[in-house]
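This report concerns only the one structure given below.
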Amino acid sequence: MRVDQRGGEMYELKFSLPSAIMELVSEGVAIVDSLGRILMVNRAVLEMTGYSEEEVLGEPALSFLKKGERIEIVFKLRKVLAGDMEVASFQATLVAKDGTEVPVGVSARRAEGEDPLTVMVFRDLTEMRRFQTSTLELLKKRIEQYRSKPPIVSEYEEMLAPVRKAPKYISRRAERLSGRTGGKG
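Numbers given in the working numbering equal positions in the sequence shown, counted from 1, plus 84.
Structure below.
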């Protein structure tokens, strides 16, 4: 690519713009051919999975996904490749080199050209899932607290304790003052 700079001088760029953009984005990006083989990935995909670029290029993209999810994903990607669906968005699980499962949100879109390609963008959902899990645990804890005894009830019970004891106290005091004891008349 050539760019006109001051004074009409032309400078040759040493990188392609799409590659630069792929490396700039924080989401994982993979380009897959019509047979599902990985043609290009960015650094974010490699960081998510722990694989090197050499280990993933040319490999079937599905081989990096959790086995139980593959059939549904193939169905969606075929629709995208056939042009029946402009963009497929779904959640999946990448399986990292060390076996760790990485939850991801995936968007896939067909890229027009001589050979149809699919561009896939992966967003790591690990932190979001952790947040959801901790929020859910906190909610469960709060619900259990309210079911056993809501805090406001405990506070009322504490405030009302002296009032509840008052009739007995007053009766005893009155009995003592009148000279009676314990209900004998």
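Glycine is no exception: its CB is placed at the ideal position from the N, C-alpha and C atoms.
On a CA-only basis, which of the options is nearest residue i? Give me that one, please.
i: L119; options: D199, T184, V188 and E139; result: D199
i: A195; options: A172, L220, Q216 and T210; result: A172
i: E156; options: L130, S136, R260 and V190; result: V190
i: V121; options: D168, I105, E138 and L108; result: Val is not the amino acid found at residue 121; the sequence shown has Arg there. Considering only alpha carbons, the answer is E138.
Starting from the C-beta of residue i, find all residues in its chain whose C-beta is less than 6 Å away, skip the five residues before and the five after it, and write them out in chain order.
i: K224; result: none
Does the distance from the CB of residue i to the CB of residue j come in under 8 Å?
i: E185; j: K150; result: yes
i: A180; j: G134; result: yes
i: R193; j: E170; result: yes
i: D117; j: L201; result: yes
Between the C-alpha atoms of residue i and residue j, what's the straight-line distance to the nearest angstrom?
i: V87; j: L222; result: Unreliable positioning characterises V87 in this predicted model, as indicated by a pLDDT of 40, which lies under 50. A coordinate reading is not provided.
i: G183; j: T217; result: 21 Å
i: A245; j: I254; result: 14 Å
i: P102; j: G197; result: 15 Å
i: M212; j: E241; result: 40 Å
i: D168; j: E107; result: 29 Å
Spatial neighbours of residue i within its chain, please: CB distance less than 7 Å, with the 5 preceding and 5 following residues excluded, ordered by chain position.
i: V59; result: Coverage of the chain is limited to positions 85 through 269, which leaves residue 59 absent and any answer about it impossible.
i: I153; result: First, the amino acid is wrong: residue 153 is Glu here, not Ile. Excluding positions up to five away in sequence, the list reads A176 and T177.
i: A258; result: none
In chain order, what residues of the same chain lie with their CB nearer than 8 Å to the CB of residue i, ignoring the 5 residues before and after it?
i: A250; result: none
i: V188; result: G112, M132, Q175, A176, T177, L178, F206, R207, D208 and L209
Using a beta-carbon distance below 8 Å, is residue i in contact with chain D?
i: P251; result: Among the chains of the structure shown, chain D does not appear; only one protein chain is present.
(message) Taking contact to mean 3 or more Cβ pairs, one atom from each stretch, closer than 8 Å, check whether the segment 121-133 and the segment 155-174 are in contact.
(response) No: fewer than three Cβ pairs fall under 8 Å.
(request) Please determine if the segment 107-115 and the segment 205-218 are in contact, where contact requires at least 3 C-beta pairs separated by less than 8 Å. (result) yes
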